[in-house]
Structure formats: structure tokens, C-alpha cells
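Here is the structure we will look at, set down as C-alpha cells.
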Amino acid sequence: MAHIGYSWPTFDVLTQEIVRAIDPQRILDIGAGGGKYGALLKDIVPRCELTALECDEAAFPGLRETGYHHILPITADGLYKQSSDLYDVVILGDVIEHMLHSQGRDLLEFLNYRSRYILISTPECMPMSRPVFFEGHNSLWRPDSFSWHDYWAHQQCGVMHFYLLRGHDNWAGPGLAEVVEKVNGAGIFNRYQDEKTQPVQLEIRDNRFKQPAGDDNFILYRPF
0 MAHIGYSWPT FDVLTQEIVR AIDPQRILDI GAGGGKYGAL LKDIVPRCEL
50 TALECDEAAF PGLRETGYHH ILPITADGLY KQSSDLYDVV ILGDVIEHML
100 HSQGRDLLEF LNYRSRYILI STPECMPMSR PVFFEGHNSL WRPDSFSWHD
150 YWAHQQCGVM HFYLLRGHDN WAGPGLAEVV EKVNGAGIFN RYQDEKTQPV
200 QLEIRDNRFK QPAGDDNFIL YRPF
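In numbering that gives the first Met the number 0, the protein residues as written are 0 to 223.
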């Protein structure tokens, strides 16, 4: 699929396979823009409730046509006023680099307690200056930006990074290791730079808390 707006297609197939493996009931697409992720996912999980967060009213007709069931006409920090809303998957596709790093970090920690999984696609080495601050690129999200999180997966493809964070809400359903194993074994490829390809091979970063329970065993909190 050709990219919609400024959202790059590098991880489109990977995103579809991950969402297929998670099989969510509710997805939140933050900064939905032209509705790329609705178009990518509506046939992958047809029973899933798709919600777009988008503050540009001009985008609303296109988002409804694309297949979103709900539109939140707010900016991302408006989610703090709706803190009881829970989602199986939250998507930030080519979005988080438009925020101040401190704002993005606060948002991710908030979402970590209100979602099963967070999917992030973001570039580095891609300057973009605009007269309106949040239309430009303002922060860099390399793996060290996620050292605060205890259980996540990552792959870099060219200048693009993909992150899959396991949230704290609802440990039911497939765990991170199961999702990553399934996706890595699917024989799919990331595409970039004039149709160059790279095999999907997500790597898990695991720093989950382990409580000693005896001389030879331990209790693993947050097992999934």
C-alpha cells in the first residue's frame, strides 16, 4: 500500500501481522490523519472497534469513510481526561517524533497502564521543520528512549524504528513472546528505499521484575 500523507509504509505488513496475532477488540489510532491504519487493519480484524484520535476536522469525513467507528476530536494530551478508556492496541504511526520528548514519554507511560500493546513507528535522521511546531519533527526515539519500559520488542529498518510495547492492562490473550515468535516466523518483509526489503526479525528486550521465591526459583511478575 502506498503511504497516506506523511506516514511511511516501511512497517505496514509487520503492523498487519502483529495486529492479526493479537486479535484485538479495541484499537486507538493516535494522530489518525488520512486513515492509513484503519485502511490497513479493518479487514485484518473486522470485528474490532476502531477509534481515531484526530484534531483536524477536515479529516473526519475521510476517517469515517475509511472505516473508523469513533473519532476523538482532541489532541493526545486530551486522553488524560478520559483516563478510564482502555484499548487492546494503541498505534502511534509516525506521530511521536512530532511531540516534545517529555510529552511523548508522559503519554507512553499513561498508555502503558491503559492498553495491552502499544505500536510505534518513528524515524530518525529525518529533519522536518514547519511553521507550526507540531507539524515538524521535534524528538528522536532510539532504543535508549525506552529503557524505562520492562518488556518490549524492536526492529530498525533504514532510518525507521518499530517498537512493540507490552502494556500493563489486561494480561489475557497472546503474550509478547508468542506474538513476536509468530510474526518473525511469518516470512514477511519490511520495505524501504525504492523497494529494498529486510526480513522481519523483532528482538525482545526483557527487564521484567523477578522476585526470588527460594534458592532455586523465582516469581516473575507481569508474566505476559
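In this text, a Cβ means the ideal position worked out from N, Cα and C, and glycines have one as well.
Is the beta carbon of residue i sitting closer than 8 Å to the one on residue j?
| i | j | result |
| --- | --- | --- |
| Ile-17 | Thr-50 | no |
| Arg-190 | Thr-9 | yes |
| Leu-175 | Phe-223 | yes |
| Gly-157 | Gln-210 | no |
| Val-89 | Ile-117 | yes |
| Asn-111 | Leu-164 | yes |
| Phe-208 | Asp-149 | yes |
| Glu-194 | Ser-138 | no |
| Gly-32 | Ala-57 | no |
| Thr-65 | Gly-37 | yes |
| Glu-53 | Leu-62 | yes |
Is residue i helix, strand or coil when you go by DSSP?
| i | result |
| --- | --- |
| Asp-205 | strand |
| Thr-50 | strand |
| Lys-195 | strand |
| Gln-210 | strand |
| His-167 | coil |
| Phe-217 | strand |
| Ser-82 | coil |
| Leu-107 | helix |
| Phe-223 | coil |
For the alpha helix (DSSP H) that contains residue i, what are its first and last residues?
| i | result |
| --- | --- |
| Arg-63 | 59-65 |
| Val-89 | Val-89 -> not in any alpha helix (DSSP H); beta strand (DSSP E) instead, spanning 86-92. |
| Gly-113 | The sequence shown places Arg at residue 113, rather than the Gly named in the question. It is not in any alpha helix (DSSP H) - Arg-113 carries neither H nor E in the DSSP assignment. |
| Ile-17 | 11-21 |
Comparing alpha-carbon positions, which option in the options lies nearest residue i?
| i | options | result |
| --- | --- | --- |
| Leu-106 | Ser-120, Lys-195 and Leu-91 | Leu-91 |
| Ile-119 | Gly-166, Phe-109, Leu-110 and Phe-161 | Phe-161 |
| Asp-22 | His-69, Asn-206 and Glu-48 | Glu-48 |
| Asp-76 | Gly-61, Glu-64 and Leu-99 | Leu-99 |
| Asp-87 | His-69, Leu-110, Gln-24 and Gly-34 | Gln-24 |
| Gln-200 | His-136, Tyr-220 and Phe-188 | Phe-188 |
| Tyr-67 | Ser-83, Lys-41 and Thr-74 | Lys-41 |
| Val-94 | Asp-205, His-167 and Ile-29 | Ile-29 |
| Ala-152 | Val-178, Val-158 and Tyr-112 | Val-178 |
| Leu-78 | Ser-114, His-167, Asp-11 and Cys-156 | Ser-114 |
| Ile-203 | Gln-155, Gly-213, Gly-61 and Asn-216 | Gln-155 |
| Arg-230 | Pro-173, Ala-171 and Gly-103 | Residue coverage of the chain in this structure runs from 0 to 223, which leaves residue 230 outside it and unanswerable. |
| Glu-123 | Met-159, Trp-170 and Asp-11 | Met-159 |
| Val-253 | Pro-198, Gly-172 and Trp-170 | Residue 253 is absent from the structure shown; the chain starts at 0 and stops at 223. |
Any heavy atom of the ligand NAP closer than 7 Å to the beta-carbon of residue i?
| i | result |
| --- | --- |
| Phe-59 | Looking for the ligand NAP in the displayed structure turns up nothing, as the structure carries no ligands at all. |
How far does the beta strand (DSSP E) with residue i in it extend, from its first residue to its last?
| i | result |
| --- | --- |
| Ile-187 | Neither: Ile-187 is in no beta strand (DSSP E) and is coded neither H nor E. |
| Leu-39 | Taken as a continuous stretch (DSSP letters only), Leu-39 belongs to no beta strand (DSSP E), being part of the alpha helix (DSSP H) at 35-40. |
| Ile-26 | 25-29 |
| Leu-78 | Unbroken run through Leu-78: none, as it is neither H nor E. |
| Ile-95 | Note, Ile-95: premise wrong, no beta strand (DSSP E); not H, not E. |
| His-69 | 69-71 |
Distance cutoff 8 Å, beta carbons only. Does residue i sit that close to anything in chain C?
| i | result |
| --- | --- |
| Ser-138 | Chain labels in this structure do not include chain C; a single protein chain is all it has. |
Original post:
Can you give, in chain order, each stretch of the beta strand (DSSP E) that sits fully within the stretch 128-165 and has at least 3 residues?
Top reply: Correct list: 150-156 and 159-165.
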